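Protein chains: 2
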Amino acid sequence: MIATRTRCLELDAADPLAGLRRQFDLARADAEGLIYLDGNSLGALPSAAAARVRQVVEDEWGGGLVRSWNTAGWIAASERIGDKIAPLIGAAPGEVVVADSTSANLYKVLHAAMAIVRHGLTATTGSAGTRRCIVSERTNFPTDLYIADTVARDHGLELVLVDADDVPSVLDERLAVLMLTHVNYRTGRMFRMAEVTRAARAAGVLMIWDLAHSAGAVPVDVHGGGIERDAADFAVGCGYKYLNGGPGAPAFVWAHPRHLAWMDAREWRQPLSGWLGHAAPFAFTTDYRPAAGIARFICGTPPVISLAGLECGIDTVHAAEPYGGLTALRHKSLALTDLFIELVESRCAGHGLALVTPRDPADRGSQVSFSHATDGYPMMQALIARGVVGDFRAPDILRFGFTPLYTRFVDVWDAVERFREVLERGEWRDPRFAVRAAVT
Amino acid sequence: MIATRTRCLELDAADPLAGLRRQFDLARADAEGLIYLDGNSLGALPSAAAARVRQVVEDEWGGGLVRSWNTAGWIAASERIGDKIAPLIGAAPGEVVVADSTSANLYKVLHAAMAIVRHGLTATTGSAGTRRCIVSERTNFPTDLYIADTVARDHGLELVLVDADDVPSVLDERLAVLMLTHVNYRTGRMFRMAEVTRAARAAGVLMIWDLAHSAGAVPVDVHGGGIERDAADFAVGCGYKYLNGGPGAPAFVWAHPRHLAWMDAREWRQPLSGWLGHAAPFAFTTDYRPAAGIARFICGTPPVISLAGLECGIDTVHAAEPYGGLTALRHKSLALTDLFIELVESRCAGHGLALVTPRDPADRGSQVSFSHATDGYPMMQALIARGVVGDFRAPDILRFGFTPLYTRFVDVWDAVERFREVLERGEWRDPRFAVRAAVT
C-alpha cells in the first residue's frame, strides 16, 4: 500500500485509540501547528493533571495545609501510584513504589544486588567470590552507567560494558549483575526482555531492567509470564516519558517478591535509609527499621505536587484498557514507527540519513532514530523551527518518539513532509541552527 | 506588661512585617477561623506559588513541552534556586544547590566527609585512623540518624549519640564528624551555631548542619562571619518548612568552598552520581565526570513542578528584606514565641503542661513545645478540631511553629484561649481524639 496523507487520515479515522488523544492538553500545540514527537523525553500534559495539580496546590496545600498528609492521602501516594504502575510492567500490587529519581533508584537496587551477591542470598547467584562484574550495554543511558560505576567501585567490582549484540552471549559465572535499559534512548533498539532475563537467570546473574523508555509504551512483563525462573530481579523506570507524569516526575522501583522476602527476614536496609522508608516513620525512633516489602525503597518526603502530575499521567495509559491496553497501544506504536521509517526512507532519501532503529518490530521500542554523519544537530533544530519537535542526541542521532496515546498517523505524514522540505530547501544550513542550546 | 487581646491587636497594627502576610493564600484559613501554627512542618501556600505552578504546568509543560528545558529555564532551576537560598544561610552564590530530599543530601555530604577523613584532605582532620565516630544528638530528627548510621556502618565508623548538653564538650580526636540539626524538631532547642562550629573546627572535627528548622526562620551563617576557621563544612536543609516551598519540596545542600576546591581538583564524585550532576550531561559520555563546584551534588532530573513552588516560597522570605530581613523576622519570631510561652503558662496552668523549649532566646528556634506526660496526643487533636493547627510528636510533645511571615500576635492570643478552653472543658477527653491518624 502506498502511503498518502489521505490514507493517513483514514487510518486515524479508523483508529479505536484515536479518542485517547483528547485526554491531553494539545490545543496550543495544534493551534501552533506543532507535531510533538518527543514524548519519549517529556510526555505531553494530560488535561486532568492541570486540574489536579491546581487542586493539590490551591485546595490541599493552600486550604488543607499540613492536614492534607492525612485528609488528602499524600502519605499513601508513593505506594498508591506505585500500584498504578505495577500492571503496566507486569508487576503485582504492592511490588512497586514511586520515589526519587531513576538514578537514585538504580543506586538502591544495585546495592540490593550487591547484598545478594555478597551474602549468597539466592540459590542462583553462585559463590560471591567469583562474580566480580556488573555488565551493561555500552550505549546505555549515561546515568545508568555512572551509577553502576560508582556502586561497582564502592564494592570492589568492575563495570564491564559490552555491545548490545553480545547480550546475552556474554553471560557467565564471572557476572554478578546484568543491568540493561529495555529500550535504548539513542537507538530505540529494544532488548527481548523475556529471552535476556531467562538467560541471565539461567546463568545465575541478577537481572536489573531500566524501563525508562518502555513503561507506558510497550508491554513489559517483569514476572516473565509467572515462571519464577524467568522473572527479573529488579526494575526501575521514569515517570515523565511515556507515563506523561510531567517534567522531572518521580521515578519508580520494583523488586521481585523473592528478594523482598529476604529483605524482610533480615531487615535489610537500602543505603538511602530515610525516614519515610522506616517501618513506623511517625514513631520517631532512633533506630532505623526498614518498612516491609517494597516500601523500604522510599527515602525522604516525596514531592507531592509533582506526584500529582505523575498520577494523572499514568491514568492516561490506563484509559487505554477498554481498547486493548498496552497491547493495542503497542500495535499502534509499531504502525506509527513503521510508517515513519517508510516515509523518511522514501521521501527524505538522498540526504545522508541512515536508519539506526531496528526494522524488526520485536527489536524496536516506540521511537525511531536516524543518524546523520555531520549535520544532525542543525537538521533537528531546523525541523523544530518548522514545528516538528524531536530531539538530537550527541554525536549524530535525530530522535523521534511516538506516543500512541496522542500521536496520529497524519502527524507522521506531516512531520515527514516538513522534514523533506527542511532537507530539500537546505533550511538547516541557516547559521542560527548551529547554535547549541543548554538542553539538546 | 500584661498581655491582652487588645494589646496583641496593637502589636499587629504596629508590626512593620504585618504586610508580608498578604503574600500567602490564607483566605480559607481565615474564613475557617483557622490559626496555623504548623509552618515548621509545612509552610503555608504563597499566592504566587499557585499562579506560578499553574504557569509551569499549563504554559511551560502543556504549551512549551520539552522545549521548556531551555526556554523556561528548567535546566538551570536547581542552581538558580540554590542561589536564592544561599543568602538566607550566610552562603555565597554558587555554593548552594537544590536537589532531592534532605535525607539524600545528608547521605551525599556524609560521604564527602568520609572521603575527607579517609584521605586526610584537610589540615584540621588529623590522621584518618584515629577518627572513628560520627557524633550526633540523641533526639535529632530520625532521618539524620538513620542516614548517618548507614553511612557509618558502610565506612566502618560508629555513630555515637550524645545529649545536647554534651555538645560541644564531647569533641575530641576520636570524632570524625559532628552532625547536628540547628533547631531540634521536637524541642525547638537551637544550638549556638557559631560556638559549636568553632569548637568542632578547633577539634579537627567536620561540622555538618541540618538547617531544616532554621532556614527562613532564624539567621544562619554557615561561613562563621567570614573567619575561615569558624566556618562549617557542610549543610543541608528542607524546602517545605519555613521556606514555604510546598509539600515535599526539594531540599538543598551547601559545601564550604574549601571542600569544593579539593573535590574539583580530584574530580571527587558523590555516591549518587546521576547524569545531571555530570560536568556535561548533554554530551552523553560513558564516563562520569562530576560538575565543578556544588553542582556535583545534583543527581537526577529534578521535579520541576515542585521546584516552582519552592522558588515562590523562598521569595516570600526575601520579601522581608526591605523590613530588615531575617534579623527582623527573628525579632518578631522571638516576640511571638515569648508571648506564647507567657500566655500558655499563665492561662493554661494546672493541666500538666511543661515547657520543653528553652526560655533563653539564644537557645530557641521559631517553635514552642510543651510536653504532657499522658495526653498530649488527644489534647492536640482536640485543639486542631478547634481550629488551632499544631502537631504532636511522639511520645509526649505538643509542638507549635511560628512563622513570622504570616503569624500574628492576635493569632497567638486566640490560639492560647482556645487551648485554655479545650483544657478547661476537657474537650480532649472525647474518645474520637484518641484515634491515631497516619501522620501525627
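Going line by line, the protein sequences match chains D and B. When you line the first sequence up against our numbering, it's residues 642 to 1081, in that order. When you line the second sequence up against our numbering, it's residues 642 to 1081, in that order. Ideal Cβ placement from N, Cα and C applies to all residues, glycine included. This one's a predicted model, so the numbers in the text were calculated from it and none came from an experiment.
If we ignore side chains and look at the alpha-carbon of each, how far apart do V1080/D and F782/D end up? 16 Å
Q1022/D, enclosing alpha helix (DSSP H) - first and last residue: 1017-1026
Which residues in the same chain as D871/D place their Cβ atom closer than 7 Å to its Cβ, once the five residues preceding and following it in sequence are excluded? A835, T838, R839, R842, G865
C-alpha distance - A583/B paired with L884/B, whole-angstrom precision: Since the first residue of chain B shown is 642 and the last is 1081, residue 583/B is not available in this structure.
Assigned secondary structure, E814/D (DSSP; H/G/I helix, E/B strand, else coil): coil
Distance between T791/D and A644/B (C-alpha atoms, nearest Å): 60 Å
Tell me, to the nearest whole angstrom, how far the beta carbon of M820/D is from that of V859/D; I am working on the premise that it is less than 8 Å. No, M820/D and V859/D are not in contact; Cβ-Cβ is about 19 Å, not under 8 Å.
Using a beta-carbon distance cut-off of less than 7 Å, what residues from the stretch 924-950 of chain B approach chain D? A924, F925, T926, T927, Y929, C940, G941, T942, P943, P944, V945, I946, S947, G950
Taking just the CA atoms, how far does W715/D sit from R1061/B? 31 Å
Assigned exposure category for E869/B - 16 Cβ within 10 Å defines buried: exposed
Within a Cβ cutoff of 7 Å, which residues of the same chain sit near Y881/D, ignoring the five residues on either side of it in sequence? L683, G684, G887, P888, G889, A890
DSSP bridge partner residues for G822/B (one or two, in chain order): According to the sequence displayed, residue 822/B carries Thr and not Gly. Beta-bridge pairing links T822/B to D851/B.
Per DSSP, what are the beta-bridge partners of V801/B in this structure? V776/B
Of the residues that make up the stretch 651-673 of chain D, which ones have a beta carbon closer than 9 Å to any beta carbon in chain B? F665, D666, L667, A668, R669, A670, E673
When DSSP labels each residue in this structure, what does D928/D get in the three-state scheme? coil
Given 8 Å as the limit, is there contact between the stretch 959-973 of chain D and the stretch 1044-1061 of chain D, that is, 3 or more CB pairs closer than that? yes
Partner residues on chain D for R910/B, Cβ-Cβ distance less than 7 Å: T791
Consult DSSP for Q610/D and reduce its assignment to one of helix, strand or coil. With chain D covering only 642 through 1081, there is no way to say anything about residue 610/D.
Considering only residues of the same chain and omitting the five flanking positions on each side of L994/D, which have a CB-CB separation below 6 Å? F1011, H1013
Contacts around T1015/D, its chain only, beta-carbon distance under 6 Å, and the 5 residues preceding and following it disregarded: none
Chain-ordered chain B contacts of L970/D [CB-CB under 9 Å]: Going along chain B, no residue has its Cβ under 9 Å from L970/D, so there is no contact; the nearest lies around 20 Å.
Look up R669/B in the DSSP assignment and give the residues it is bridged to. Partner(s): none; R669/B has no beta bridge.
8 Å is my cut-off, CB to CB: does G889/B come that close to chain D? yes
Is any beta-carbon of chain D found at less than 8 Å from that of V1029/B? no
Around the C-beta of G723/D, are 16 or more other C-beta atoms found within 10 angstroms, so that it is buried, or is it exposed? buried
With respect to the beta strand (DSSP E) encompassing V738/D, which residues constitute its N-terminal and C-terminal limits? 737-739
Quick one: any contact between the stretch 901-911 of chain D and the stretch 933-949 of chain D, if contact means 3 or more CB pairs under 8 Å? yes
Cβ contact (3+ pairs, closer than 8 Å) linking the stretch 1016-1034 of chain D and the stretch 691-708 of chain B: yes
Report the rounded CA-to-CA distance for A902/D versus H959/D, giving the unit in angstroms. 29 Å
Out of E983/B, D795/B, R772/B, A793/B, which one is the CA nearest neighbour of L812/B? R772/B
With distance defined between alpha-carbon atoms, name the residue in E952/B, I849/B, A793/B, R1049/B nearest to D671/B. R1049/B
Roughly how many angstroms lie between the CA atoms of L1024/B and F1041/B, to the nearest whole one? 11 Å
With a threshold of 16 other CB atoms inside 10 Å of the CB of T647/B, please say whether the residue is buried or exposed. exposed
Within-8 Å CB hit, P783/B to chain D: yes
What is the rounded straight-line gap between the Cα of A764/B and the Cα of I849/B? Any answer about A764/B is weak, because its pLDDT of 48 lies below 50 and its placement is not dependable; what the coordinates show is given next. When rounded, the distance between both Cα atoms is 17 Å.
When DSSP labels each residue in this structure, what does A876/D get in the three-state scheme? strand
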